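Novice:
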Amino acid sequence: MSQIGDLLAKVANKDSAAFQQLYDQFADRVYRYAFTILHDKHLAEEIAQETMIAVWNGAKRFAGRSKASTWIFGIARNQAFTLLRKEKRAENTPAQELVQADPSKNIIQRERVMKALNELSSDHREVVYLAFYEGLSYGEISGILGIPSGTVKSRMFHAKRKLAEVLT
Numbered sequence: 426m427s428q429i430g431d432l433l434a435k436v437a438n439k440d441s442a443a444f445q446q447l448y449d450q451f452a453d454r455v456y457r458y459a460f461t462i463l464h465d466k467h468l469a470e471e472i473a474q475e476t477m478i479a480v481w482n483g484a485k486r487f488a489g490r491s492k493a494s495t496w497i498f499g500i501a502r503n504q505a506f507t508l509l510r511k512e513k514r515a516e517n518t519p520a521q522e523l524v525q526a527d528p529s530k531n532i533i534q535r536e537r538v539m540k541a542l543n544e545l546s547s548d549h550r551e552v553v554y555l556a557f558y559e560g561l562s563y564g565e566i567s568g569i570l571g572i573p574s575g576t577v578k579s580r581m582f583h584a585k586r587k588l589a590e591v592l593t
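Just add 425 to the spot in the sequence shown (first one is 1) and you have the numbering used here.
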């Protein structure tokens, strides 16, 4: 079992120290992922908190059929899309917070990347985020999104092509 899986097993037994470690590892990542879906800081924060609460309450249900991180991001995705359905929020708002500030990067470059990410559809932006910002494999992304890995590959292909168009 992985380190994260071990933490989840401890969380299933209501080990608050293990939960704190898990929270420290995932809360910001879940927030950034939720932001790519919701495009709203406050709602993304809400989803991050709700996801971590769901992890605390549901750790016993983690069966280990996927990576623990895949399970956590799956919870976040389900919560975010449930909220979207409830709120009927508009898509395609700026993805400014998707690209984290990196002092070594040129501000103009960051702005160009943010603009390019905004040119992507929400489906393509989500795949790009999970692959490049979270380092997940196409198989893991497929599990989170509930789509075939071929669809993930196709979305990534089209996203990369669109990003190349916008950035050149």
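Even glycine gets a Cβ: it sits at the ideal position worked out from N, Cα and C.
This structure is a prediction, so every number in the text was calculated from the model and none was measured.
Considering Cα atoms alone, identify which of 451, 568, 592 and 481 is closest to residue 538.
Specialist: Checking every option, the nearest Cα to that of residue 538 belongs to 592.
Novice: Starting from residue 430 and walking both ways along the alpha helix (DSSP H), at which residues does that stretch end?
Specialist: Note, residue 430: alpha helix (DSSP H), 428-437.
Novice: Indicate whether residue 501 and residue 434 have their beta-carbon atoms separated by less than 8 Å.
Specialist: No, they are not a contact pair.
Novice: Applying the criterion that 16 or more other CB atoms from any shown protein chain within 10 Å of the CB defines a buried residue, is residue 467 buried or exposed?
Specialist: The residue in question, residue 467, is exposed, as its Cβ has fewer than 16 Cβ neighbours within 10 Å.
Novice: For residue 468, report the span of its alpha helix (DSSP H) as first-last.
Specialist: Unbroken alpha helix (DSSP H) run through residue 468: 466-483.
Novice: Within 10 Å of its beta-carbon, does residue 569 have 16 or more other beta-carbons around it, so buried, or fewer, so exposed?
Specialist: It is buried - the Cβ of residue 569 has at least 16 other Cβ atoms within 10 Å.
Novice: Which of helix, strand or coil does DSSP assign to residue 551?
Specialist: Helix.
Novice: One question on the structure: do residue 497 and residue 455 come within less than 8 Å of each other, judged by their Cβ atoms?
Specialist: The answer is yes: Cβ separation under 8 Å.
Novice: Look at the alpha carbon of residue 441 and the alpha carbon of residue 550, and state the distance between them as a whole number of angstroms.
Specialist: If I take the Cα positions, the gap works out to 34 Å.
Novice: Are the beta-carbon atoms belonging to residue 567 and residue 492 less than 8 Å from one another?
Specialist: The answer is no: Cβ separation not under 8 Å.
Novice: By the three-class DSSP mapping on this structure, what secondary structure does residue 453 have?
Specialist: It is helical.
Novice: Kindly indicate the opening and closing residues of the alpha helix (DSSP H) around residue 589.
Specialist: Residue 589 -> alpha helix (DSSP H) spans 574-592.
Novice: Leaving aside the five residues before and after residue 436 along the sequence, list all residues of the same chain whose C-beta is less than 8 Å from its C-beta, in chain order.
Specialist: Result list for residue 436: 443, 444, 447, 480, 481 and 484, in chain order.
Novice: Quick check on DSSP: helix, strand or coil for residue 556?
Specialist: Looking at residue 556 - three-state DSSP - the assignment turns out to be helix.
Novice: For residue 493, which of helix, strand or coil comes out of DSSP?
Specialist: Residue state, collapsed to three classes: helix.
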